[in-house]
Amino acid sequence: MDLAISTVAGDLTNRLISFLINKYVDHACLEEKTERLQQLLPRVGMLKMLAAAMYQGHHVLDTIKYRKHKELPCDSSTLSVSTPNKRSRKILSSAAHKVFNLELERAPQDLKAGVANMAEFLAVSNQKRTNARTQN
Numbered sequence: 301m302d303l304a305i306s307t308v309a310g311d312l313t314n315r316l317i318s319f320l321i322n323k324y325v326d327h328a329c330l331e332e333k334t335e336r337l338q339q340l341l342p343r344v345g346m347l348k349m350l351a352a353a354m355y356q357g358h359h360v361l362d363t364i365k366y367r368k369h370k371e372l373p374c375d376s377s378t379l380s381v382s383t384p385n386k387r388s389r390k391i392l393s394s395a396a397h398k399v400f401n402l403e404l405e406r407a408p409q410d411l412k413a414g415v416a417n418m419a420e421f422l423a424v425s426n427q428k429r430t431n432a433r434t435q436n
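Written out as C-alpha cells, the structure reads:
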C-alpha cells in the first residue's frame, strides 16, 4: 500500500512540475512573440508608406505615358478641311500641366524621403536587436 501511495505521489509531483515548467516556457514564448510583433509593426507601417510612394510614382509615370500618347498627332480624318496638310496637336491646359508638374516633382521627393526613413528605421531596429541580444 505504501508503494502505491508513493508511486501516485511521485507521479502527481512529476505532473505538477511538468505543468509549471510548461506554463513558464509558454509564458516566455508568448513574451518573445509579443516583443517580435512590436518590432514588426513599425516595419509594416514603413512598408505601407513606401508602397504608397511607389504607387504614386507609378501613377506619375503612367500619366506621362498617357499624356505623351494624347499629344501625338491626330488622324487625317480629324483634320480641318481648310488645312489638310497641317498636323494638329492637343495641348494640355496650363492648370492641368502645373498640377502634373507638381506631382512629377513630389513623387521622387516622397520616394527619397521614404527610403531615407526606412534606412534610419532599419538602423535603429538593428541596433535595438543587437542590444537585446547582448543583454541576454
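Its first residue numbered 301, the sequence shown is counted upward by one per residue in my numbering. Glycine included, C-beta positions come from ideal geometry on N, C-alpha and C.
*Could you tell me the distance, in whole angstroms, from the CA atom of residue 336 to the CA atom of residue 422?*
14 Å
_Is the separation between the beta-carbon of residue 357 and that of residue 407 shorter than 8 Å?_
yes
*If you drop the 5 nearest sequence neighbours on each side, which residues of the same chain put their C-beta closer than 7 Å to that of residue 314?*
none
*How big is the Cα-Cα spacing for residue 306 and residue 319?*
20 Å
*Hey, could you find the ends of the alpha helix (DSSP H) residue 349 is sitting in?*
302 to 370
*Note down, in chain order, each residue of its chain lying with its Cβ closer than 6 Å to the Cβ of residue 403, except the 5 sequence neighbours on either side.*
360
*Just to confirm, are residue 411 and residue 353 a CB contact at a threshold of 8 Å?*
yes
*Going by C-alpha distance, which of 329, 432, 414 is nearest residue 345?*
414
*Apart from the five residues on each side of it in sequence, which residues of its chain come closer than 6 Å, Cβ to Cβ, to residue 324?*
none
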